Amino acid sequence: AQSVAQPEDQVNVAEGNPLTVKCTYSVSGNPYLFWYVQYPNRGLQFLLKYITGDNLVKGSYGFEAEFNKSQTSFHLKKPSALVSDSALYFCAVRVHGSSNTGKLIFGQGTTLQVKP
Amino acid sequence: DTGVSQDPRHKITKRGQNVTFRCDPISEHNRLYWYRQTLGQGPEFLTYFQNEAQLEKSRLLSDRFSAERPKGSFSTLEIQRTEQGDSAMYLCASSLGDRGLQETQYFGPGTRLLVL
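Structure representation (structure tokens):
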């Protein structure tokens, strides 16, 4: 079965420091990987995705993520954190295959706290 | 606003009552998904429509749940005889895609259901 793991419930970082939010996946086919962010009482906002090609993907708001096939990871990164980046982050996977419908499988989420 | 919209945003009901939620996807998006998110968890897939056809239903979707997308545009999710365990955030997402499944799903703000 396909699954996504976000090993950290919460990540704390000081404003201006680099941040990393970890994600690992387990799938039986070629994965399409996504990161979403959720602010309180709001829906999920798309940040970036990996489909194919360059392992380093750049997305919205200065975020990027690195796809590592051998480690089955897709960690989210940002060189310099902002207080406004504080939110709940979800990693998700969609398996490319012949019979799937494109549903996303989400991790349990990581709360990012950026302190001034 | 051309994003995904959901109505109502909040719903409080008593156990045993029926509730119905509506989702309006982004115009011309042919794919529509419903997810459920409980506190501290990532969203879980419920059901998927391609145009007006419901092509997949999760085992989470008991026979008390029904979803429709009658004209391939808006969708409704009905829960009959609500139970306290149905309390959750119900998220709708839409996307425009064909066979590749590379497209991004865009989420609405969600409907938060509380069953007393």
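Quick mapping for you: the protein sequence lines, in order, are chains A and B.
Everything in the first sequence is counted per the numbering used here, starting at 1 for the first residue and increasing by one.
Everything in the second sequence is counted per the numbering used here, starting at 1 for the first residue and increasing by one.
Cβ coordinates follow ideal geometry from the N, Cα and C atoms, glycine included.
These figures come from a predicted structure and were not determined experimentally.
- As DSSP reads the structure, I105 of chain A sits in a beta bridge with A:V93.
- Listed by position along chain B, the residues whose Cβ is nearer than 9 angstroms to that of F106 of chain A are Y35, Q37, Q41, G42, P43, E44 and F45.
- When C-alpha distances from P31 of chain A are compared across A:Y61, A:L88, A:L82 and A:K103, the shortest belongs to A:K103.
- According to DSSP, residue pairing for K58 of chain A in a beta bridge involves A:E64.
- Using a Cβ-Cβ cut-off of 7 angstroms, T72 of chain A does not count as an interface residue toward chain B, since no Cβ of chain B sits closer than that to its own.
- With a threshold of 16 other beta carbon atoms within 10 Å, V83 of chain A falls short and is exposed.
- Around the C-beta of R94 of chain A, 16 or more other C-beta atoms lie within 10 Å, and the residue is accordingly described as buried.
- Restricting attention to A:P18, A:N12, A:S28 and A:K22, the CA atom closest to the CA of A1 of chain A is found in A:S28.
- The alpha-carbon separation between S5 of chain B and L46 of chain B amounts to approximately 18 angstroms.
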